[in-house]
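Line by line, the protein sequences give chains Z and W.
Its first residue numbered 1118, the first sequence is counted upward by one per residue in our numbering.
Its first residue numbered 14, the second sequence is counted upward by one per residue in our numbering.
Accompanying notes for the structure given below.
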Amino acid sequence: MAVKTTTNKMKKRINFVLACMILVGFVGLIFKLYIIQIVEGEKYQKMAINQQMRSTSIRANRGTIYDANMKPLAKSATVHNVVISPNDIKDETERELIAQGLSEILDVDYEMVLERSRKTGSYYERIKTKVEQDVADQVTQFALDHDITAIYLEEDTKRYYPYGSLASTVLGFTGSENQGAYGLESYYNKVLSGTDGMVVSAKNAWGTDMPFRYQQIYDAQDGNSLVLTIDETIQHYLEKHLETAVAEHEVHNRAVGIVMNVNTGEILAMATKPDFDPNEPLVLGDPQVAQAVEELNTEGNEEEYKKALSDAQFAQWRNKAISDPYEPGSVFKLITAAAALETHTVDPYNEVFNCPGYYIVAGRRIGCWKHAGHGDLNFAGAIKGSCNPVFIQVGQRLGADNFYNYLDLFGFTSPTGIDLPGEADAYLHSLETLQDKNMASLSSASFGQTFKVTPIQLITAVNATINGGKLMQPYVVSQVLDPNGNVVSSTQPTVKRQVISEDISKLEATLAEQVVMATDGSGRKANVPGYRIGGKTGTSEKIDAKEDGVVTKYTLSFYGFAPADDPEIGILVALDEPEDGSAYGSTIAAPVVGSIFADILPYLGFEPEYTEQELAVADVKAPVLVGLKIHDAQSNLTQEGLKSRVIGSGSTVVRQIPGVYEPIPKGGTVILYTDEDTEPTTAVVPDVVGLSGMQANQTILNAGFNIRIAGESIENTASQAVSQEPAAGTEAEIGTVVTVTFTIPDVEG
Amino acid sequence: MTKEENVKKPKAQRGPIDLTFLILVLLLLTIGLVMLFSASYANAYYIMGDSFHYISRQLVFAVVGVAAMIAVSYFDYHILHHFAYLLMGVSIVLLIVVFAMPTINDAHRWIFIGPINFQPSEIAKFAVVVLFSHWISIHYKKMDTFQYGVLPFCIVLGILAVLLILEPHLSGTILIVGLGAVMMVVGGTKLTWLVGGGLAGVIGGPLLVLALGKWDRAMGRIEHWLNPFLDPRGDGFQTLQSLYAIGSGGLMGAGIGNSRQKYLFLPEPQNDFIFAIVCEELGFIGAALIIILFALLIWRGYVIALRAKDRFGTLIAVGLTTQIGLQTILNIAVVTNTIPNTGIGLPFFSYGGTSLLMLLGQMGVILAISRQSNLEKE
């Protein structure tokens, strides 16, 4: 029966095949799985999680950066990346339709889309990134209208800076992947960016939500927000005046300014001009630089052009206030003075020095800025007049050890540690160099030359000389808020150390006030009527930039503080390489600081207190202002007890109201036009007849005119306006003087 | 003895079916269905709009298939002698008809008849098993000659290979040639011929591919096999996503239902790459256990073959079992990027109603053979 039964040979061969299959096939596969899952598992898992996280979650929203009054300086909005999946394109007609539609809606190249859409086998081709919501809606509508499934949107976020270039060197900007690339955005990147989507399960590869409940690993954590100490309004004024100064004096190497609360270390404003727009950080903000770079963009010159462009970009991103050390010049005399007073090295009033206009150190003649010499003067006068020979003598008497000790105590030997990236170190003389017997280094250092400090180090230190002697920790971020607005952490003012005693600090403030308030003070151009302001001028020789051994480039600076009797606000402004090499900090930088004070002190709620002299109601004649630089004009007006209002964006006065030599009462405002083609601003003269002195004053000022009071004293609250000139209802240019006559009505009974 | 006598044998005694084999089949089928549901529901929801799209269809075929398997197990497998030439004829016709069908991924592999679609290569595999078993059982003694032991097999395999490469369907070609070769080994073809044939295949195979104009396609596959990172968003995409899934599984796996890669990352996770999701959800331990289950099934299939009543039964059982074995090995080798991506399903797991139905029918044939097993040993 079993004729055809299976033979032994067959059985042997079956066993052979079975053995091969099991040993080579199955055991081999298990081994391969072991390699992938156990040996290399982590590698693949990491890659898998990477793609799942990137595509499966909406990115964590980056936190907002607010100014001190919760105005948003940087905020994020949802945008979309438009992606096509060529694999899902049905046919050639649809391919062309997609290319047509997307190229029109997204303003991209038709051929590019077509080419990408031909990559069949691909599931992911990004056509355009960071598309705004309204455009994304058009894409969705287009896909729906034509029943296209191969187009989809990925959510992404984009950073906006609503105030444009405002505080750009402080804020920095973000890169294409929303990572902080510069400034606060970089320093606080971890705080702001939050944690990207760890909800791996919640999204699929299309980036849409899954309908299934599925194990969540971590929630995506939106970034925290920052509240800055910077006040947008103060920042605006600082930048406005810096910009004007840069234009007026053709500042070649940018201007820098810092406004700081001297008692807390809060940075109220910090700017470098020209700067850039963080919305488009790659665009060169300075038109002159942009043009110079663009001229290099010629055929065959790509390398040089690229390098110039990238150098210019890095340069405009630099925050000069913290990154660029410079010779502090005479502003540093406040430090030498504080050290000398604290160590009782000098009697400020009773010791008499003589300044012949120079001082010989180690056989070398060091000049005073006042070549004729200051003659006999005391130390207070030396501060007021910024006398180098006196400071050289005081510095030598102080000695290298003390000098270096105070450099250290005032914080110059290390960066301040402000919460901004890229803070530079100072370039100081070593103690050994200062100790040299010929005292050359000590002598020049005592009036702020031959070494470099950063602006932030300098303002922090000089603040300590007048704020009661405390070296404060400067900071920019006052609070960190969670996404719901709850305070996560807040920065408290930190006293680093008491450098000098409160009494000495008080004395120093008094001495520094004379620099501005005295009629012969070197910083008198920073004066603002109604306020007590102190300060110190600085004219620094840029020793690195000597040409044939002669200093040709200067940094002109001014440090001011107010109110001088109880300091709260400190301002440092430095103009790096203005065109006019013969100018001084006293003539150029002081008016800038004065103008900033004139704007921000009223804003900060400091009421002007006019001295009797200032209050004297007397007409003055409007000075000749046409043809002057704005800050010079403003400074001239300030000296006359007048205020100013600038209309236009030029840097030179072309017209003034009231006109030259026309009478205007003290405290009045002169309107300065800076553009030839600006139409005169006019207003209707209001009716003030019957109003009290105070009411009439307010009404006329509010309408933009100047008021000149005639008749009986308005100090008497009972006085009433009886007539006015020009008459009510007349159209007149703002700034015009309206003369109002008052009388005290008879009181019955 | 003539063929007629062979077929006209008295009614075979019907013993019990091989329970171990049946249990292994049902176990793999059950696990396969669970994993198919898990792997497919995200894709089904997004692309078909119904999470149950794939599993509901597969379930129907599985139920019908199990019924068919049981039914087939009651037939006397010797009737397959009658169909040996017919099946092969039909296969070759269908493999020609397929060129008139629309392409999927630029290949003619599927025949569409109304709602039913299937790959003629599936039928061809069965036809090879039946025809070769038929020939070998008749000409067993002459198998060591060239005329009987080599030539007819090579002609049939040659025709099928050309048709399949033209589709193109490289994996089907490899599978059928491998299957035929195993049949010849077991059938008794001289080993020298087989070694020579193997060498000829190694040289001739690529030449055939080249001659038929599919060289670039094959080379592309190989390039992306060697370096899937070459085009991670394009041609390397599926392989990379598969490796991500397998690697993510680690030792213990993410747990059933917890794959992340199935959420539209791994394309068509219900088809050829389902094993990647299995690895991700069940880990190395689960995946290895499933491979061991397959190995046990192969072992049991061969045991049935060894115990079969006659050579025809032995050869049919060897052929059908080998087919599952080869297909499993090729599939997992593709999924783990051990060999280039060829497009071949995993038995009992991958989605495909008609192929599951045919697979279970063939399991029925093996069970039918086990009923008439040579019980001398027991």
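Built from N, CA and C at the ideal position, the CB exists for glycine as well.
Interface partners of residue i on chain Z, CB under 7 Å
i: W:GLU141; result: The sequence shown places Val at residue 141 of chain W, not Glu. Ordered by position in chain Z, no residue passes the 7 Å Cβ test against W:VAL141, which lies about 16 Å from the chain.
i: W:ILE105; result: By Cβ distance, chain Z contributes nothing, its closest Cβ being about 27 Å from W:ILE105, past 7 Å.
i: W:ALA318; result: ILE1131
i: W:ALA346; result: LEU1146
i: W:PHE166; result: Here the premise fails: no neighbours, minimum Cβ distance about 15 Å.
i: W:ALA300; result: LEU1150
i: W:THR355; result: Those do not exist, as W:THR355 stays about 15 Å from chain Z at its closest Cβ, beyond 7 Å.
Alpha-carbon spacing of residue i relative to residue j, whole angstroms
i: Z:THR1124; j: W:PHE125; result: 43 Å
i: W:MET376; j: W:ARG313; result: 12 Å
i: Z:PHE1723; j: Z:TYR1269; result: 57 Å
i: Z:THR1181; j: Z:SER1193; result: 7 Å
i: Z:ASP1536; j: Z:GLU1221; result: 45 Å
i: W:ALA213; j: Z:THR1246; result: 54 Å
i: W:CYS167; j: W:LEU107; result: 20 Å
i: Z:GLN1609; j: Z:MET1589; result: 11 Å
i: Z:GLU1726; j: Z:ALA1253; result: 58 Å
CB contact below 9 Å: residue i versus chain Z
i: W:ALA308; result: yes
i: W:ALA120; result: no
i: W:ASP323; result: yes
i: W:LEU49; result: no
i: W:THR116; result: no
i: W:THR33; result: no
i: W:ILE304; result: yes
i: W:LEU239; result: no
C-beta neighbour in chain W for residue i, strict 9 Å
i: Z:GLY1158; result: yes
i: Z:ILE1147; result: yes
i: Z:ILE1131; result: yes
i: Z:MET1164; result: yes
i: Z:THR1173; result: Residue confidence is low: Z:THR1173 scores 46 on pLDDT, short of 50, so the model does not pin down where it sits. Its coordinate-derived value is still stated next. Interface residue, yes.
i: Z:THR1246; result: no
i: Z:TYR1183; result: no
i: Z:ASN1198; result: no
Residues near residue i by beta carbon distance below 6 Å, same chain, minus five either side
i: W:GLY374; result: ALA81, VAL85
i: Z:ASP1092; result: In the structure displayed, chain Z extends from 1118 to 1866; residue 1092 of chain Z sits before or after that span and is not available.
i: W:GLY262; result: CYS292, GLU293, GLY296
i: Z:GLN1596; result: VAL1344, VAL1604, SER1607
i: W:TRP238; result: PRO353
i: Z:LYS1188; result: GLU1349
Neighbouring residues, chain Z, relative to residue i (Cβ below 8 Å)
i: W:THR158; result: Going along chain Z, no residue has its Cβ under 8 Å from W:THR158, so there is no contact; the nearest lies around 15 Å.
i: W:TRP312; result: LEU1135, ILE1139
i: W:VAL208; result: What W:VAL208 touches in chain Z: nothing, since even the nearest Cβ is about 14 Å away.
i: W:TYR98; result: What W:TYR98 touches in chain Z: nothing, since even the nearest Cβ is about 20 Å away.
Chain W contact residues for residue i, given Cβ-Cβ distances below 7 Å
i: Z:TYR1867; result: Absent from the structure is residue 1867 of chain Z, since the part of chain Z shown begins at 1118 and ends at 1866.
Beta-carbon contacts of residue i that lie in its chain and below 8 Å, excluding the five residues immediately before and after
i: W:LEU100; result: ILE136, PHE139, ALA140, VAL143, LEU144
i: Z:THR1791; result: ILE1747, VAL1763, ILE1764, GLY1765, SER1766, GLY1767, SER1768, THR1769, VAL1770, VAL1771
i: Z:VAL1230; result: ILE1201, ILE1215, ALA1216, LEU1219, SER1220, ILE1244
i: Z:ILE1153; result: TYR1161
Contact set between residue i and chain W, taken where Cβ atoms lie within less than 9 Å
i: Z:ILE1155; result: GLY263, LEU264, PHE297
i: Z:THR1257; result: Residues of chain W passing the Cβ test: none, with the nearest at roughly 17 Å.
i: Z:PHE1290; result: Ordered by position in chain W, no residue passes the 9 Å Cβ test against Z:PHE1290, which lies about 29 Å from the chain.
Interface flag, residue i vs chain C, CB-CB below 9 Å
i: Z:LYS1126; result: Absent here is chain C; the protein component of the structure consists of chains Z and W.
Beta-carbon contacts of residue i that lie in its chain and below 7 Å, excluding the five residues immediately before and after
i: Z:ALA1739; result: GLN1773, PRO1775, GLY1776, VAL1777, TYR1778, GLU1779, ILE1781, VAL1787
i: W:THR186; result: ALA174, LEU177, ILE178
i: W:GLU180; result: VAL111, ALA120, HIS121, ARG122
Are the stretch 339–347 of chain W and the stretch 271–283 of chain W touching by the rule of at least three beta carbon pairs closer than 8 Å? no
Touch test, the stretch 1385–1396 of chain Z against the stretch 1363–1371 of chain Z, Cβ-Cβ under 8 Å, three pairs minimum: yes
Would you be able to state if there are at least three C-beta pairs under 8 Å between the stretch 1435–1444 of chain Z and the stretch 1491–1508 of chain Z? no
When you compare the stretch 1507–1522 of chain Z with the stretch 1550–1563 of chain Z, are there three or more beta-carbon pairs, one atom per stretch, that lie closer than 8 Å? yes
Spell out a yes or no on whether the stretch 1417–1437 of chain Z and the stretch 1626–1638 of chain Z are touching, meaning 3 or more CB-CB pairs, one atom from each, closer than 8 Å. no
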